[in-house]
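**Q**
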Amino acid sequence: MNRIRKRDLLSVLFRSFYIQSSWNFERMLGLGLCFCLIPIAKRLCTTDEEMEEFLKRHLDFFNAHPYMASFALGSLTRLEEQSILNKWKDKRPILVFKERMMSPLGALGDAFFWNSVKPLAAVIGVILSLYLGIVGVITFLVLYNVPHLYYRVMGIYLGYKKGFDIIHDLSIRGTQKYFKKLSYLIAGITGVLLVAFGDHIFHSNYGNKGLIFFLVMSAVSIPVTFKRRITIEFMILITLIISITIGLLVQSG
Amino acid sequence: MNLLTELLIITIFGGIVSLDTTACFQIMISQPLVSCTLVGWAFGYTELGLLMGILMQTPWLLEMPIGGAKNSEGNLGSLVAAGLAIHFVNNSITLTNIAIVFAVVWGLVVSWIGWKFVESMRRSNVKLSYLADKAAEKINLSRISWLHLIGTVYAFWIGAIVTFVSFLLGTLLYSRLVAYVPDFFDVPFGYAKFGLMALGVGAMISMFLNRRNLIYFVGGVVISLIVAIVF
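Here the protein sequences line up with chains A and B, keeping their order. With my numbering as the guide, the letters of the first sequence map in order to residues 61 to 313. With my numbering as the guide, the letters of the second sequence map in order to residues 459 to 689.
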């Protein structure tokens with residue numbers, strides 16, 4: 061009976077970078093998950109029936125954050141291996157596990173990557189770009205991709221190591237304190253961003269007038285962006301119209 | 459650099475940005491700060507590319523690609539905007555601030571159109587899932603892999619085509635409109651850059667500032683003010 065090798069896990073890891081390629085509104089990551097697990101199917105399934113069942117099981121609806129989906133890939137690999145080694149007659153626990161994994165993986169990934177790491181890395185990148193040029197861009201890519209790649213790799217490794225038990229490590233409640241600390245850091249960095257932009261404008265040809273305009277616009281844009289009643293395109297468009305109007309008034313005055 | 463070379467470069471970039479936005483890797487080279495700088499470097503005006511990236515990066519952070527959220531293709535829009543702004547300045551069609559404003563407005567149109575294309579791609583990807591079901595019945599593993607990877611090809615071509623058409627239209631038709639704006643508008647148009655910076659700061663504050671972490675925000679302001687004054 062075949063067992064999973066490191067090579068198979070590496071193949072799953074490589075494929076996981078393409079997990080969202082066929083993202084669609086009906087099954088979301090369904091086909092992507094199956095695509096990632098094909099090396100496992102090739103390794104474990106010995107009969108046509110086993111293979112067909114395996115494929116159908118993993119072609120169904122699945123959704124998660126794309127990086128955190130690695131945890132699902134690792135643990136599903138483990139469960140599929142166990143089911144073959146221990147000759148499970150009923151494979152429904154795998155499906156139930158998959159369903160249970162979706163929300164924590166989605167919630168954790170969205171909160172950590174989209175709502176914390178990305179804004180933090182982007183703002184630090186923007187601040188550094190103002191003073192050091194391209195160094196800021198490189199810093200942004202490094203700051204973002206270190207946790208990104210770490211989670212991709214560790215997701216497969218830990219998921220495979222822990223199998224069913226990985227669910228205990230993925231509680232949003234357990235990670236809440238880290239998100240709070242990250243939000244403090246982002247708030248602090250936002251303060252630095254405000255000063256960095258202000259400093260940049262103050263030292264431009266526009267001087268005090270530009271700085272005052274920037275500070276007033278920042279204050280005005282907070283409630284607008286907070287309520288989000290209009291799309292970002294409109295926010296940008298309105299910002300441009302107001303800015304140019306004020307610019308023309310300042311010039312004529 | 460001639461228009462054809464610019465068009466070729468930005469089309470390839472458009473395909474890569476579209477791939478990195480959702481379809482594969484997601485290493486964030488699609489983010490405006492990176493993609494606009496790269497376009498600037500390729501077009502021979504890195505500073506303006508970087509400035510466009512700085513201006514477009516923070517406002518678009520408001521949009522998060524959570525689940526099936528319907529978000530505009532801000533990354534593609536920013537890429538085309540950066541390419542256009544540099545094209546306008548490099549070819550002396552207009553001055554920098556006017557170029558930035560008109561390019562950003564065109565970029566907004568591109569981001570909206572780009573989303574419509576991506577939305578239709580995501581609908582048509584459903585068919586790939588159905589075809590994969592049939593391939594699973596026949597235990598055709600390579601067909602399942604290929605069906606999935608077709609999504610990557612779609613994503614690349616949609617990004618490339620949207621970028622190609624919008625950049626071409628922008629340079630051929632839109633630049634005539636831009637050329638009519640008198641040069642003395644360049645100074646008042648400069649305020650648009652500060653407006654975009656303010657929108658970015660407003661977006662970050664609205665996302666992360668609450669009573670609990672206000673002290674950290676104030677701390678960030680105070681420390682950076684001291685650093686700014688001292689240095």
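Glycine is no exception: its CB is placed at the ideal position from the N, C-alpha and C atoms.
#1: Please list, in chain order, the residues of the segment 206–217 of chain A that have any C-beta partner in chain B closer than 8 Å.
#2: Measuring CB atoms only, is the segment 248–258 of chain A touching the segment 478–494 of chain B, in the sense that at least three cross pairs come out at less than 8 Å?
#3: Should Gly-200 (chain A) and Ile-187 (chain A) be called a contact, given that it needs their Cβ atoms to be closer than 8 Å?
#4: Taking Lys-116 (chain A) as the query, report the chain B residues whose CB atoms sit under 9 Å from its CB, ordered along the chain.
#5: Mind listing the chain A neighbours of Arg-581 (chain B)? Cutoff is C-beta to C-beta under 8 Å, in chain order.
#6: Any chance you could list the alpha helix (DSSP H) runs of at least 4 consecutive residues sitting entirely within the segment 576–653 of chain B, in chain order?
#7: Just to confirm the assignment, what range does the alpha helix (DSSP H) spanning Thr-285 (chain A) have?
#8: Would you say Pro-640 (chain B) faces chain A, with C-beta separation under 8 Å as the test?
#9: By how many angstroms is the C-alpha of Gly-219 (chain A) removed from the C-alpha of Leu-245 (chain A)?
#10: Assuming the contact rule is C-beta atoms closer than 8 Å, Lys-528 (chain B) and Glu-577 (chain B) should be a hit. Round their C-beta distance to whole Å, please.
#11: Would you check if the distance between the CB atom of Glu-531 (chain B) and the CB atom of Ser-587 (chain B) is smaller than 8 Å?
#12: Are the beta-carbon atoms belonging to Leu-119 (chain A) and Asp-478 (chain B) less than 8 Å from one another?
#13: Which residue or residues does DSSP assign as beta-bridge partners of Gly-84 (chain A)?
#14: Could you work out which residues of chain A lie near Leu-599 (chain B), taking near to mean beta carbons separated by less than 9 Å?
#15: Counting contacts by CB-CB distance shorter than 8 Å, is Gln-42 (chain A) in contact with chain B?
#16: How far does the alpha helix (DSSP H) with Pro-517 (chain B) in it extend, from its first residue to its last?
#17: Which residues does DSSP pair with Phe-122 (chain A) in a beta bridge?
#18: Is the shortest distance between the beta-carbon of Leu-91 (chain A) and the beta-carbons of chain B less than 8 Å?
#19: Considering only residues of the same chain and omitting the five flanking positions on each side of Ile-249 (chain A), which have a CB-CB separation below 7 Å?
#20: Using CA coordinates, which residue listed in A:Pro-126, A:Ala-247, A:Ile-154 is at the minimum distance from Ile-227 (chain A)?
#21: Can you list the residues of chain A that Phe-666 (chain B) reaches, using a CB-CB cut of under 8 Å?
#22: Under 7 Å Cβ to Cβ from Phe-257 (chain A), same chain only, skipping five residues before and after it: list those, please.
#23: Mind checking if Asp-259 (chain A) is an interface residue toward chain B, Cβ cutoff 8 Å exclusive?
#24: Can you tell me the Cβ-Cβ gap for Leu-599 (chain B) and Lys-102 (chain A), rounded? I've got them flagged as a contact below 8 Å.
#25: Given 8 Å as the limit, is there contact between the segment 640–647 of chain B and the segment 546–563 of chain B, that is, 3 or more CB pairs closer than that?
#26: Using the three-state DSSP reduction, which class does His-545 (chain B) fall into: helix, strand or coil?
#27: Could you check whether Tyr-127 (chain A) and Arg-75 (chain A) sit closer than 8 Å to each other, using their CB atoms as the reference points?
#28: Give the secondary structure of Lys-574 (chain B) by DSSP, where H, G and I count as helix, E and B as strand, and everything else as coil.
#29: When DSSP labels each residue in this structure, what does Phe-157 (chain A) get in the three-state scheme?
#30: So which residues on chain B does Met-128 (chain A) lean against when the C-beta distance must stay under 8 Å?
#31: Can you tell me whether DSSP reads Ile-187 (chain A) as helix, strand or coil?
#32: Look up Trp-703 (chain B) in the DSSP assignment and say whether it is helix, strand or coil.
#33: Could you tell me whether the segment 622–638 of chain B touches the segment 535–550 of chain B, using the rule of 3 or more Cβ pairs below 8 Å?
#34: Roughly how many angstroms separate the alpha carbons of Gly-215 (chain A) and Ile-232 (chain A), rounded to a whole number?
#35: Suppose contacts are defined by Cβ-Cβ distances below 8 Å. Is Ala-247 (chain A) in contact with Asn-671 (chain B) by that definition?
**A** Once the coordinates are examined:
#1: Residues His-208.
#2: The segment 248–258 of chain A is not in contact with the segment 478–494 of chain B.
#3: First, the residue type needs correcting, since residue 200 (chain A) is Phe and not Gly in the sequence shown. Remark: C-beta atoms of Phe-200 (chain A) and Ile-187 (chain A) do not approach each other more closely than 8 Å.
#4: Near Lys-116 (chain A) (Cβ distances below 9 Å), the residues of chain B are Asp-591, Ala-594, Glu-595.
#5: Residues of chain A with a Cβ closer than 8 Å to the Cβ of Arg-581 (chain B) are, in chain order, Asn-84, Phe-85.
#6: With a minimum length of 4 residues, the continuous alpha helix (DSSP H) runs that stay inside the segment 576–653 of chain B are 599–627, 633–637, 644–647.
#7: Its alpha helix (DSSP H) spans residues 267–287.
#8: So no, Pro-640 (chain B) is outside the interface.
#9: Looking at the two C-alpha atoms, the distance is approximately 29 Å.
#10: Correct: roughly 7 Å between the Cβ atoms.
#11: Cβ distance not < 8 Å, so Glu-531 (chain B) and Ser-587 (chain B) don't count as in contact.
#12: No, Cβ-Cβ distance for Leu-119 (chain A) and Asp-478 (chain B) is not below 8 Å.
#13: This sequence places Asn at residue 84 (chain A); Gly is not what is there. Residue pairing of Asn-84 (chain A) in beta bridges, as defined by DSSP: A:Met-88.
#14: Correct list: Ile-98, Ala-101, Lys-102, Met-111, Leu-115.
#15: The question about residue 42 (chain A) has no answer here: the residues shown for chain A are numbered 61 through 313.
#16: Run containing Pro-517 (chain B): none; DSSP gives neither H nor E here.
#17: Answer is A:Met-88.
#18: Under the Cβ distance rule, Leu-91 (chain A) counts among the residues neighbouring chain B, one pair being separated by less than 8 Å.
#19: So the qualifying residues of the chain are Leu-180, Val-183, Ile-184.
#20: Nearest to Ile-227 (chain A) by C-alpha distance, out of A:Pro-126, A:Ala-247, A:Ile-154, is A:Ile-154.
#21: Chain A residues near Phe-666 (chain B): Pro-179, Ser-243, Ile-246, Ala-247, Thr-250.
#22: Hits under 7 Å: Phe-274.
#23: Answer yes: the Cβ-Cβ gap between Asp-259 (chain A) and chain B drops below 8 Å somewhere.
#24: That pair is a contact at about 7 Å.
#25: At 8 Å Cβ cutoff, the stretches touch.
#26: Under the three-state reduction of DSSP, His-545 (chain B) is assigned to helix.
#27: Not a contact, by the Cβ cut-off of 8 Å.
#28: DSSP places Lys-574 (chain B) in helix when its eight states are reduced to three.
#29: Under the three-state reduction of DSSP output, Phe-157 (chain A) falls in the helix class.
#30: Within 8 Å Cβ-Cβ: nothing; Met-128 (chain A) doesn't reach chain B, min ~12 Å.
#31: Correct three-state label for Ile-187 (chain A): helix.
#32: Residue 703 (chain B) falls outside the range modelled here, since chain B spans only 459 to 689, and no answer is possible.
#33: Look at the beta carbons and you see the segment 622–638 of chain B touching the segment 535–550 of chain B: at least three pairs across the two are nearer than 8 Å.
#34: Rounded to the nearest whole angstrom, the C-alpha separation of Gly-215 (chain A) and Ile-232 (chain A) is 16 Å.
#35: Taking 8 Å as the Cβ cut-off, Ala-247 (chain A) and Asn-671 (chain B) qualify as a contacting pair.
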